[in-house]
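**Q**
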Amino acid sequence: MQEKNKNNELQQILRIDGHIQDIYLAVYANKLLLLDGCCRPDVELVLATIRNILGREISQLKAVIVTHMHADHAGGAAYLKKHTGCKIISSNKPTQWYGGLNGRVEYLLDLSLSYFVAYRRGRKFKNLNYPAELKADILVNDGDAVPMFEDWQIIETPGHTDRDLSVYHAKTGKVYVADLMIKLENRRRGIRFVAPYNIDDPVAYKKSVAKIKQYHPYKVMMAHGGQTFVEQATFDDLIKMTPNKPRTNKDVYQDVVFRMMTTRKPKK
Ligand SMILES: [Zn+2]
Numbered sequence: 353m354q355e356k357n358k359n360n361e362l363q364q365i366l367r368i369d370g371h372i373q374d375i376y377l378a379v380y381a382n383k384l385l386l387l388d389g390c391c392r393p394d395v396e397l398v399l400a401t402i403r404n405i406l407g408r409e410i411s412q413l414k415a416v417i418v419t420h421m422h423a424d425h426a427g428g429a430a431y432l433k434k435h436t437g438c439k440i441i442s443s444n445k446p447t448q449w450y451g452g453l454n455g456r457v458e459y460l461l462d463l464s465l466s467y468f469v470a471y472r473r474g475r476k477f478k479n480l481n482y483p484a485e486l487k488a489d490i491l492v493n494d495g496d497a498v499p500m501f502e503d504w505q506i507i508e509t510p511g512h513t514d515r516d517l518s519v520y521h522a523k524t525g526k527v528y529v530a531d532l533m534i535k536l537e538n539r540r541r542g543i544r545f546v547a548p549y550n551i552d553d554p555v556a557y558k559k560s561v562a563k564i565k566q567y568h569p570y571k572v573m574m575a576h577g578g579q580t581f582v583e584q585a586t587f588d589d590l591i592k593m594t595p596n597k598p599r600t601n602k603d604v605y606q607d608v609v610f611r612m613m614t615t616r617k618p619k620k
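Quick note: to get this note's numbering, add 352 to the position in the sequence shown (first position is 1).
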């Protein structure tokens, strides 16, 4: 009995520096859980980490959670499953996020934005294309325990898209929130937390931030910004600062073009 308990005990959460986002791998004595589906080029990195850093068989990767369908959260899932046989866990939605003709256009716009982010981060060009349709093995709802990893709990935190998931580990007080909040750090403005650029539903988004706040997490793990303690007031500020209107791909592209035009060096 004691041996079984030991096997189900979380040993560590390994943070891996992915192509354009942080990757978190929950490590147990004989099984592994990837908290998000990362980018397609991250697949080799995750497998190499399992083999070389942890010295484990890649078949120990039992599950990958896909928090939402963007390229840096869903891009590697199908490929990881092909290599390891892991199960893909995602939100219980009757439709595909990138379904229909409009969905395919959104997929291409989101994908090109991911290429742009990789370019801005000085990453080498890598193929980020991935299946727009997710074939999940296990669908989960708010409050569910993560199958095979019952010490993790699913928290639905929609708003960035219609199906975002967060995952909470009660014993350590750590929560992975994917793109719910992003930590920015620069010399001029210091550290600040902002909402992701795309906000599908601002009302749902603000509720989701308030929901995470209520957990009083010990550490918040973000896809963009690593893991850190977040003050309760910071959650409130984030809710206050988030606009009440949705921010779509159209706004993102207008902003990118605007920035490119306005950041050009002035000619003398
Ligand atoms: Zn996203």
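Think of the CB as a built atom: it goes at the ideal place given N, C-alpha and C, for glycine as much as any other residue. These figures come from a predicted structure and were not determined experimentally.
1. Ligand 1 heavy atoms versus the CB of residue 568: any closer than 7 angstroms?
2. Among 481, 466 and 482, which has the Cα closest to the Cα of residue 475?
3. Kindly indicate which residue of 517, 502 and 508 has the alpha-carbon position closest to the one of residue 523.
4. Under three-state DSSP, which class holds residue 618?
5. For residue 425, tell me which candidate among 593, 512 and 434 has the shortest Cα-Cα distance.
6. When the Cα of residue 413 is compared with those of 429, 451 and 385, which residue comes out closest?
7. Is the segment 525-533 touching the segment 568-577, taking contact as three or more C-beta pairs under 8 angstroms?
8. Is residue 512 near ligand 1 - that is, is its Cβ less than 7 angstroms away from at least one heavy atom of it?
9. Would you check if the segment 369-377 and the segment 488-499 touch, i.e. whether three or more CB-CB distances between them fall below 8 angstroms?
10. Restricting to Cα atoms, I'd like to know which of 420, 433 and 401 is closest to residue 516.
11. Between the segment 560-567 and the segment 596-605, are three or more C-beta pairs nearer than 8 angstroms?
12. Using 10 angstroms around the beta-carbon of residue 436, count the other beta-carbons present and answer buried if the total reaches 16, otherwise exposed.
13. On the CB-based measure, 16 or more other CB atoms within 10 Å of its CB, does residue 440 come out buried or exposed?
14. What residues match up with residue 521 in a beta bridge as DSSP calls it?
15. Tell whether a beta-carbon distance below 8 angstroms holds between residue 530 and residue 590.
16. Buried or exposed: residue 620, going by 16 or more other Cβ atoms within 10 Å of its Cβ?
17. Cβ of residue 422 within 7 angstroms of any heavy atom in ligand 1?
18. Using the C-alpha atoms, what's the distance from residue 472 back to residue 430?
19. How would you label residue 411, buried or exposed, when you count the other beta carbons within 10 angstroms and need 16 or more for buried?
20. DSSP on residue 545, reduced to helix/strand/coil?
21. Please identify the residue among 596, 550 and 544 whose C-alpha is closest to the C-alpha of residue 587.
22. Look at the alpha carbon of residue 551 and the alpha carbon of residue 504, and state the distance between them as a whole number of angstroms.
23. Where residue 438 and residue 575 are concerned, what is the direct C-alpha to C-alpha distance, given to the nearest angstrom?
24. So, at 6 angstroms on beta carbons, what are the nonlocal neighbours of residue 485 in its own chain, with the 5 sequence-adjacent residues on each side left out?
25. I believe residue 389 touches residue 418 by the beta-carbon criterion, under 8 angstroms. Please report the beta-carbon distance rounded to the nearest angstrom.
26. According to DSSP, residue 376 sits in a beta bridge with which residue or residues?
27. Could you check whether residue 469 and residue 428 sit closer than 8 angstroms to each other, using their CB atoms as the reference points?
**A** By the coordinates alone:
1. For this step, residue 568 is matched to residue 216 along the sequence shown. No.
2. Position 123 of the sequence shown, counted from the first residue, corresponds to residue 475. Nearest Cα to residue 475 within the set 481, 466 and 482: 466.
3. Start at 1 with the first residue of the sequence shown, and residue 523 comes out as number 171. Out of 517, 502 and 508, 502 has the C-alpha closest to the C-alpha of residue 523.
4. As a first step, residue 618 is located in the sequence shown; it is residue number 266 there, counting from the start. Low confidence applies here, because residue 618 scores a pLDDT of 49, under 50, leaving its location unreliable; read the following figure in that light. The answer is coil: DSSP assigns residue 618 none of H, G, I, E or B.
5. Here residue 425 corresponds to residue number 73 of the sequence shown, with the count starting at 1. Nearest of 593, 512 and 434 to residue 425, Cα basis: 512.
6. As a first step, residue 413 must be located in the sequence shown, where it is residue number 61. Nearest C-alpha to residue 413: 385.
7. Cβ pair count under 8 angstroms is three or more, so yes.
8. What you label residue 512 is simply residue 160 of the sequence shown in a count that begins at 1. At a threshold of 7 angstroms, residue 512 counts as near ligand 1, since its beta carbon sits closer than that to one of the ligand's heavy atoms.
9. Look at the beta carbons and you see the segment 488-499 not touching the segment 369-377: under three pairs across the two are nearer than 8 angstroms.
10. Taking the first residue of the sequence shown as 1, we reach residue 516 at position 164. When each option's Cα is compared against that of residue 516, the closest is 420.
11. With a cut-off of 8 angstroms, the segment 596-605 and the segment 560-567 do not count as touching, because too few Cβ pairs lie within range.
12. One-based indexing of the sequence shown puts residue 436 at position 84. Residue 436 should be labelled buried.
13. The sequence position of residue 440 within the sequence shown is 88, counting from 1. Residue 440 should be labelled buried.
14. In the sequence shown, the residue the question calls residue 521 occupies position 169. Residue pairing of residue 521 in beta bridges, as defined by DSSP: 504 and 526.
15. Along the sequence shown, one-based indexing puts residue 530 at 178. Along the sequence shown, one-based indexing puts residue 590 at 238. Contact flag unset, no.
16. The residue you call residue 620 lines up with position 268 of the sequence shown. Only weak support is given to the placement of residue 620: the predicted model assigns it a pLDDT of 44, under 50, and the value that follows is read from those uncertain coordinates. Around the beta-carbon of residue 620, fewer than 16 other beta-carbon atoms lie within 10 Å, marking it exposed.
17. Position 70 of the sequence shown, counted from the start, is the residue given in the question as residue 422. Flag set: Cβ of residue 422 near ligand 1.
18. The count along the sequence shown starts at 1 and reaches residue 430 at position 78. The count along the sequence shown starts at 1 and reaches residue 472 at position 120. Near 26 angstroms, if we compare the C-alpha coordinates of residue 472 and residue 430.
19. Residue numbering aside, residue 411 sits at position 59 when the sequence shown is read from its first letter. With fewer than 16 other Cβ atoms from the protein chains shown falling within 10 Å of its own Cβ, residue 411 counts as exposed.
20. For the purposes of this step, residue 545 is taken as residue 193 along the sequence shown, with counting starting at 1. Annotated three-state conformation of residue 545 is strand, per DSSP.
21. Residue 587 sits at position 235 when you count from the first residue of the sequence shown. The shortest C-alpha separation from residue 587 is found at 544.
22. Translated into positions along the sequence shown, residue 551 becomes position 199. Translated into positions along the sequence shown, residue 504 becomes position 152. Between the C-alpha atoms of residue 551 and residue 504 there is a straight-line separation of about 26 angstroms.
23. Looking up residue 438 in the sequence shown gives position 86. Looking up residue 575 in the sequence shown gives position 223. So the alpha carbons of these two residues sit roughly 21 angstroms apart.
24. Against the sequence shown, residue 485 aligns to sequence position 133. Within the same chain, 448 come within 6 angstroms of residue 485 by CB-CB distance, once the 5 residues on both sides are set aside.
25. Taking the sequence shown and counting its residues from 1, one reaches residue 389 at position 37. Taking the sequence shown and counting its residues from 1, one reaches residue 418 at position 66. Contact between residue 389 and residue 418 holds, with the beta-carbon distance rounding to 4 angstroms and staying under 8 angstroms.
26. The sequence position of residue 376 within the sequence shown is 24, counting from 1. Residue 376 is bridged to 367.
27. On the sequence shown, residue 428 is found 76 positions in, with the first residue counted as 1. On the sequence shown, residue 469 is found 117 positions in, with the first residue counted as 1. No, the pair does not count as a contact, with Cβ atoms beyond the cut-off.
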